[in-house]
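Position 588 (the sequence shown) corresponds to 588 in full-length UniProt numbering; numbering is contiguous.
Where is the CB? At the ideal position from N, CA and C, for every residue including glycine.
Please read all numbers here as calculations on a predicted model, not as lab measurements.
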Amino acid sequence: MAESAVAFLLTKLGSLIQEELKSLGGVKGKIVFIGDELESMRAFLRVADAIEDSDPEIQAWVKQVRDVAHNTDDILDEFMLRFADRHRHHHGFYGSVCKIYYQIKNMKARRQIASDIQDIKTRVIDIAQRRQRYGYKFSNSEQGSSSNVANNGGCYDRRGDALLLEEDDLVGIDKPKQQLIDWVLDDADSPLKVISVVGMGGLGKTTLIKKVYDDMEVKRHFQNHAWITLSQSFKIEEILSGLIQQLFDEVRRPLPQRFETMDNNNPKAVLKEFLQESRYVLVLDDIWSIEAWDTIKIALPNRNCGSRVLLTTRIGNVASTSCRKPHGYIYEMKALSPKESWTLFCKKTFQEKDCPPYLIEISKSTLRRCEGLPLAIVVISGVLASKDQGRVDEWELVNRSLGAEVEGSDMKKILLLSYNDLPYYLKSCLLYLCSFPEDHLIDWMSSIRMWIAEAFVEVEGGKTLEEVAEAYLYELLNRSLIQVAMRREDRRIQKCCIHDLLREIILSKSKHQNFLTIAREGSVRCLENARRLSIHNTLPDIPLEGKCFSQLRSLLMFGVDEPISESSMPLLFNGGLRLLKVLHLRNASLERFPGNVDKLFHLKYLSLRGTQVKVLPNSIGLLWNLETLDLKNTYVKELPVEILRLQKLRHLLLYRNETEHIYLPFHCKHGFEAPAKIGALQSLQKLCFLEANHANSSTIVKEIGRLTQLRRLGILKLRREDGVVLCSSIEKLSNLRSLDVSSIEQDEILDLQSLSPAPQFLQRLYLNGRLEKLPEWITSLHGLTRLVLWWSKLRDDPLKSLQNLPNLVFLSLVDESYEGEGLCFKAGRFQRLKYLGLENLKGLRWVTMEEGTMSRLEELIIVKCELLEELPSGTKHLSNLKQLELIHLHLYLHCSMSIVDGSGASISFTNGMAQQAKQLV
């Protein structure tokens with residue numbers, strides 16, 4: 001991590017020396033000297049970072065280098081902050097007075113900075129001399145980070161590899177999986193039974209349960225399904241709410257209106273009432289205490305419906321107690337056999353190829369240290385897969401790094417090795433992910449934006465910072481250091497997570513290196529050099545000393561219910577966070593824009609998503625360095641004109657969904673009123689959702705054409721007369737990847753016919769409003785993967801035009817988007833389609849699927865097509881179909897056993913025809 005601190009500092013110095021530091025005169029030379037000395041230490045730091053745990057002298061030296069790098073970074077940020085005021089907008093007599101004031105103030109600041117830099121220079125000289133004295137230790141140690149990624153100065157884009165390896169190439173799981181399935185399906189009229197899977201961390205308990213839970217036979221057997229992951233510090237209200245939300249979402253029912261105001265007992269009553277008459281399966285992943293099970297058990301009805309609860313735990317008495325009453329089963333996870341371990345190792349390390357003969361001995365030696373633990377095997381495989389197979393010395397280095405002795409800490413050594421093997425920029429990124437709570441689902445895009453704000457992401461020619469950061473995530477994924485937790489329907493990653501064992505080890509590293517402080521409860525001691533603070537569940541008592549947390553770069557909050565105010569969170573309001581870059585207050589209890597936040601000159605990332613904030617102050621324009629402004633699901637309706645000063649703004653997210661109910665009203669989404677000159681924000685990549693029905697709407701729509709860096713654009717309430725202007729603007733957005741346009745009223749024509757040419761890289765298209773006909777340019781979108789049409793009222797079958805889109809993965813026709821009686825999916829068409837949704841098509845009577853169409857379709861969802869009297873003909877040919885959902889259809893819809901068995905899909909019915917259809921299957 002010292003290497004990371006130095007590398008990021010050198011990058012900053014490179015840009016500052018050219019311009020900003022000219023005003024410091026002779027100090028510039030000292031800063032250049034400091035940079036040169038630190039640069040000369042980088043090669044030693046890579047070794048030192050890897051061996052510091054075993055050598056106290058090296059550990060002390062590394063800490064000194066890290067502290068010097070941090071202190072220098074602090075001085076530079078203070079310099080930028082102090083001298084920024086001279087560029088601010090002061091005019092006239094007041095401006096003259098301010099200019100004199102700042103000249104006097106800056107003279108003092110220069111002297112202080114010069115003194116601080118001289119101190120740093122003295123320390124750097126001393127550190128360099130110490131390095132020379134320790135030189136023999138470095139010469140006797142091999143390079144600590146020898147991965148290909150570390151050496152080539154860039155991060156190879158591993159997205160394809162990640163998709164190939166995502167199924168984990170499971171080994172030795174078939175027999176235990178079948179045993180659990182037999183228990184789950186046994187005795188369909190029995191009372192509630194609990195099946196506990198118990199074993200130490202890293203054995204694959206969650207992976208096994210997930211395979212059982214996702215099994216098609218299991219899906220079909222139960223009416224209701226839900227999965228919840230617990231942590232050691234879980235809140236029962238959140239667990240019950242999570243279960244209720246999943247269960248209601250599954251059957252497309254809105255939550256009870258009283259749900260948000262319920263006390264602690266009412267969620268239990270809602271859950272019990274919902275499950276009372278159904279056969280359900282629930283997964284409770286990672287239960288740590290008997291008390292946790294007892295609290296949840298009360299809310300589960302115990303009727304003779306054959307319901308099941310699957311739970312995983314590391315604690316033996318939790319497993320035995322949960323299965324005692326009601327009756328249940330215990331499955332004890334075992335380590336993989338040597339043969340199974342070798343199979344998994346080769347699959348993950350060599351991607352299905354055989355191990356080269358000259359690597360067999362060293363590979364088996366390394367594998368023995370894993371002791372049959374799947375987590376250890378896939379992690380060490382991730383390390384070795386990044387090595388050159390022709391460099392046996394690199395493989396031997398990995399083996400030697402684990403040490404000679406065999407002991408219980410081998411798992412820790414393996415996980416530490418996987419961390420030490422990372423290039424410096426990935427180390428910082430991985431450490432940062434640990435700021436999220438245990439078992440938290442980490443938002444893929446938010447993590448990317450935070451990394452960029454913290455300057456962890458390096459510039460690579462021809463790529464945006466976001467693309468480079470995403471490549472970092474895929475590299476961590478391929479090294480098995482993070483896991484995919486949730487995907488969108490078009491297979492894009494939405495959430496990821498970190499295995500709790502790995503997180504514990506990385507957190508210990510983070511604490512040792514003063515990278516991150518976690519505040520869970522109670523008080524937090526003052527840390528003058530703390531760089532990041534993550535607050536979990538409750539606001540801590542934070543001391544108010546002058547320099548306490550004054551060097552913070554990130555402040556994050558998760559699960560805090562207490563109102564955020566000056567008295568409850570003085571740290572946020574007292575102006576002491578001068579160097580803050582990331583402020584993440586998502587879902588915090590906050591009603592007003594926090595005072596003093598507009599004084600955070602260095603702030604690059606601000607998320608108030610899910611708060612009750614209603615107004616942005618005009619002073620938002622003082623946040624000159626802001627790159628991400630996330631106001632999604634707040635109540636802000638208008639942006640002040642001062643927002644146009646934020647010339648570095650890349651992501652502007654401001655919209656709110658009115659309801660999560662399946663049958664959404666036309667105006668279910670609310671955006672914001674933008675300043676007329678919105679085109680001034682020329683760094684914008686994401687702009688969602690701009691309302692186009694206010695004054696100067698034509699001007700605003702025209703201004704969009706100036707935002708040539710846009711990759712995602714969302715527009716609401718578009719008038720018909722502005723359609724041609726919008727098309728003209730979109731033609732200039734050559735980087736556009738996602739377009740979402742809604743008309744002002746349900747029957748207002750969405751006039752987008754004149755768009756030519758369409759953005760060639762467009763991947764996702766959402767059109768909400770009446771179309772006279774399907775725009776011809778859609779057929780030219782060969783890169784389109786996702787298409788959703790709402791309220792289009794098309795009379796002609798749209799499939800005739802859409803069937804030639806070669807990469808379409810997701811297609812949804814919703815809310816009278818098509819008024820015809822039939823849809824025919826032709827043979828050989830839609831060969832990449834995986835999701836098809838037909839919802840609220842009131843005139844639809846028949847759907848035909850010819851043999852050979854949609855050969856990769858996995859999900860077919862049909863909702864509220866009330867004239868449809870039989871399942872689509874040809875469903876039996878959909879060999880890859882996994883899920884068929886039929887919701888609110890005709891009461892007499894016919895469903896034959898041959899169709900269900902032919903597709904092999906999980907079938908779920910809701911309302912209307914449900915009871916009769918179930919008798920048929």
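- Counting C-beta atoms within 10 angstroms of its own C-beta, HIS602 has 16 or more neighbours from the protein chains shown and is therefore classed as buried.
- For MET450, the enclosing alpha helix (DSSP H) stretches over residues 444-453.
- In this structure, the straight-line span from the alpha carbon of LYS686 to that of LEU710 is close to 6 Å.
- Note that the segment 323-338 does not touch the segment 347-360; fewer than 3 beta-carbon pairs, one per stretch, sit closer than 8 Å.
- The criterion of a C-beta distance shorter than 8 Å is not satisfied by LEU502 and LEU533.
- Looking only at SER231, THR464, LEU275, THR313, the smallest Cα-Cα distance to GLN245 is reached by LEU275.
- Boundaries of the alpha helix (DSSP H) around SER363: 360-368.
- For ARG720, the CB contacts under 6 Å within the same chain, skipping 5 residues up- and downstream, are GLU748, ILE749, ASP751 in chain order.
- Sequence-distant partners of LEU255 (beyond 5 residues in either direction) whose C-beta falls short of 6 Å from its own C-beta, in its chain, are PHE248.
- Spatial neighbours of ILE377 in its own chain (CB-CB distance under 8 Å, excluding positions within 5 residues in sequence) are listed in chain order as LEU336, SER341, LEU344, PHE345, LYS348, LEU367, CYS370.
- ASN807 is not a Cβ neighbour of ARG829, given a cutoff of 8 Å.
- For the UniProt domain "Disease resistance protein winged helix" (436-506), the full-length beta strand (DSSP E) segments reaching 3 residues or more read 483-487, 493-497 along the chain.
- Here the C-alpha atom of ASP215 lies approximately 15 Å from the C-alpha atom of GLU859.
- Collapsing the DSSP output to three states places ASP796 in coil.
- Around the beta carbon of ARG795, a 10 Å sphere encloses fewer than 16 other beta carbons of the protein chains shown; the residue is thus reported as exposed.
- Classified as exposed, MET200 has fewer than 16 neighbouring CB atoms from the shown chains inside 10 Å of its CB.
- Contact holds between the segment 687-694 and the segment 702-718, because three or more Cβ pairs, one in each stretch, are under 8 Å apart.
- The beta-bridge partner set that DSSP reports for PRO563 consists of SER589.
- A direct Cα-to-Cα measurement between ILE209 and THR312 gives close to 8 Å.
- Short of 6 Å from the beta carbon of ARG845, and not among the five residues preceding or following it, lie these beta carbons of its own chain, in chain order: GLU821, LEU867.
- Counting C-beta pairs closer than 8 Å gives three or more between the segment 287-307 and the segment 189-205, which meets the contact rule.
- One thing to note: ILE34 has its Cβ no nearer than 8 Å to the Cβ of VAL171.
- Assigned with DSSP and collapsed to three states, GLU291 falls in helix.
- With a 10 Å radius around the Cβ and a threshold of 16 neighbouring Cβ atoms, HIS584 comes out buried.
- Counting only unbroken stretches of 4 or more residues, the alpha helix (DSSP H) elements lying wholly within the segment 787-840 are 799-802, in sequence order.
- Assigned with DSSP and collapsed to three states, SER855 falls in coil, not helix or strand.
- Comparing alpha carbon positions, the residue from LEU417, ASN302, LEU652, ARG303 closest to ARG609 is LEU652.
- Contact between the segment 771-778 and the segment 469-483 is absent, with fewer than three C-beta pairs closer than 8 Å.
- In this structure ALA69 is buried. Its beta-carbon is surrounded by 16 or more other beta-carbon atoms within 10 angstroms.
- Distance from SER589 to GLU562 at the Cβ level is roughly 6 Å; contact confirmed, criterion being Cβ atoms closer than 8 Å.
- Residue environment: ASP439 is assigned as buried (16 or more neighbouring CB atoms within 10 Å of its CB, all protein chains considered).
- Distance from the Cα of ILE482 is smallest, within the candidate group ILE506, GLU238, GLU466, GLY461, for ILE506.
- For TYR331, the enclosing beta strand (DSSP E) starts and ends at 328-332.
- Around the beta-carbon of PRO757, fewer than 16 other beta-carbon atoms lie within 10 Å, marking it exposed.
- Counting along the chain, ILE228 sits inside the beta strand (DSSP E) bounded by residues 224-229.
- Look at THR634 here: in three-state DSSP terms it is coil, with no helix or strand label.
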